[in-house]
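Engineer: Residue numbers (my numbering): 67 to 255.
My questions all concern the structure below.
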Amino acid sequence: MATYKTSDFRKGLKVQIDGEPYLMIEMNFVKPGKGNALYKCRMRNLIRGTILQRTYKGGDTLEAADVEEIGVQFLYRQQDSFFFMDSETFEQYELTIEQLDDAWKFLKEGMPCSMVLFNGSPITTTPPNHVELKVEYCEPGVKGDTATNVTKPAKVETGAEFVVPSFIEVGDVLRLDTRTGEYIERVRQ
67 MATYKTSDFR
77 KGLKVQIDGE
87 PYLMIEMNFV
97 KPGKGNALYK
107 CRMRNLIRGT
117 ILQRTYKGGD
127 TLEAADVEEI
137 GVQFLYRQQD
147 SFFFMDSETF
157 EQYELTIEQL
167 DDAWKFLKEG
177 MPCSMVLFNG
187 SPITTTPPNH
197 VELKVEYCEP
207 GVKGDTATNV
217 TKPAKVETGA
227 EFVVPSFIEV
237 GDVLRLDTRT
247 GEYIERVRQ
């Protein structure tokens, strides 16, 4: 198994601690006046989503996580289970709504995504950075309420709700940022 030295530590590194995969989300290098350099790391467990904080001395090593990122296509949703297909091998994977976290809000049938596998088992998936979703329901906007940033909730075709400007109507197609969950613009048709 490959290992990383402290000099290789950086944000985005996938490592294995106690047999579980972690994503390094923050790494700070500290050089005290005396002694070894310290590497303060914050890592997110890729299976449970918990945060772990550890400090390593210069020269320590961590095992590389056996994770693989593949291209998949979202097929369909069945209650709280979501089904995906590998774009190359056509193998199918199932993820629960808990594994997807908020990513389920953006998934449309046929959408390409990237999936992370740990020891061959799916642990999470990421939709494209921007998606276009149709508004299924929202309250009508109040005339004359355009001077300030007035917002309202709108339910889209995936069943999720997003905060949108008051001029959005049922049937509009919205471009949304999947990383922040924010409205970007109304798509002209």
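No residue lacks a Cβ here, since even glycine has one placed at the ideal position from N, Cα and C.
Because the structure is a prediction, the values reported are computed rather than measured.
Under three-state DSSP, which class holds Lys171?
Structural biologist: In the sequence shown, residue 171 corresponds to position 105, counting from 1. Three-state DSSP puts Lys171 in a helix.
Engineer: Buried or exposed, going by whether 16 or more other CB atoms sit within 10 Å of the CB of Val236?
Structural biologist: As a first step, residue 236 is located in the sequence shown; it is residue number 170 there, counting from the start. When all chains shown are included, Val236 counts as exposed.
Engineer: Specify, as a first and last residue, the run of the beta strand (DSSP E) that Ile113 falls within.
Structural biologist: Numbered from 1 along the sequence shown, position 47 holds the residue referred to as residue 113. Element bounds for Ile113: n/a, residue is neither H nor E.
Engineer: Extract the residue ranges of the beta strand (DSSP E) inside the segment 140-219, only unbroken runs of 3 or more that lie entirely within it.
Structural biologist: The qualifying runs are 147-152, 158-162, 178-184, 187-192 and 196-204.
Engineer: Does the pairing of the segment 118-125 with the segment 153-170 give three or more beta-carbon distances under 8 angstroms?
Structural biologist: no
Engineer: Contact defined as beta carbons within less than 8 angstroms: I believe Asn185 pairs with Asp146. What is the distance between those atoms, to the nearest angstrom?
Structural biologist: In the sequence shown, residue 185 corresponds to position 119, counting from 1. In the sequence shown, residue 146 corresponds to position 80, counting from 1. Wrong, their Cβ atoms sit about 23 angstroms apart, outside the cutoff.
Engineer: Considering only C-alpha positions, which residue in the set Gly78, Phe150, Gly207 and Ser180 is nearest to Thr89?
Structural biologist: On the sequence shown, residue 89 is found 23 positions in, with the first residue counted as 1. A quick correction: the sequence has Leu, not Thr, at residue 89. The shortest C-alpha separation from Leu89 is found at Gly78.
Engineer: Skipping 5 residues on each side, what residues in its chain have a beta carbon closer than 8 angstroms to that of Thr121?
Structural biologist: By one-based count along the sequence shown, residue 121 stands at place 55. If we look at Thr121 and ignore the five residues flanking it on each side, its Cβ neighbours are Leu104, Tyr105, Lys106 and Cys107.
Engineer: Roughly how far, in whole angstroms, is the beta-carbon of Val201 from the beta-carbon of Val216, given that I think they are within contact range, below 8 angstroms?
Structural biologist: As a working note, residue 201 is residue 135 in the sequence shown. As a working note, residue 216 is residue 150 in the sequence shown. 16 angstroms between Cβ atoms; not a contact.
Engineer: My output table needs one value for Thr69: the three-state DSSP class, helix, strand or coil.
Structural biologist: Counting from one through the sequence shown, the residue named residue 69 turns up at place 3. It is a strand residue.
Engineer: Note down, in chain order, each residue of its chain lying with its Cβ closer than 8 angstroms to the Cβ of Gly247, except the 5 sequence neighbours on either side.
Structural biologist: By 1-based counting over the sequence shown, the position of residue 247 is 181. Only residues of its own chain outside the window of five on either side were considered, and among them Asp168, Lys171 and Phe228 have a CB closer than 8 angstroms to the CB of Gly247, listed in chain order.
Engineer: Quick check: the Cα distance between Glu92 and Leu141, rounded to an integer number of angstroms?
Structural biologist: Counting from 1 along the sequence shown, the entry for residue 92 is found at position 26. Counting from 1 along the sequence shown, the entry for residue 141 is found at position 75. Cα to Cα, Glu92 sits roughly 34 angstroms from Leu141.
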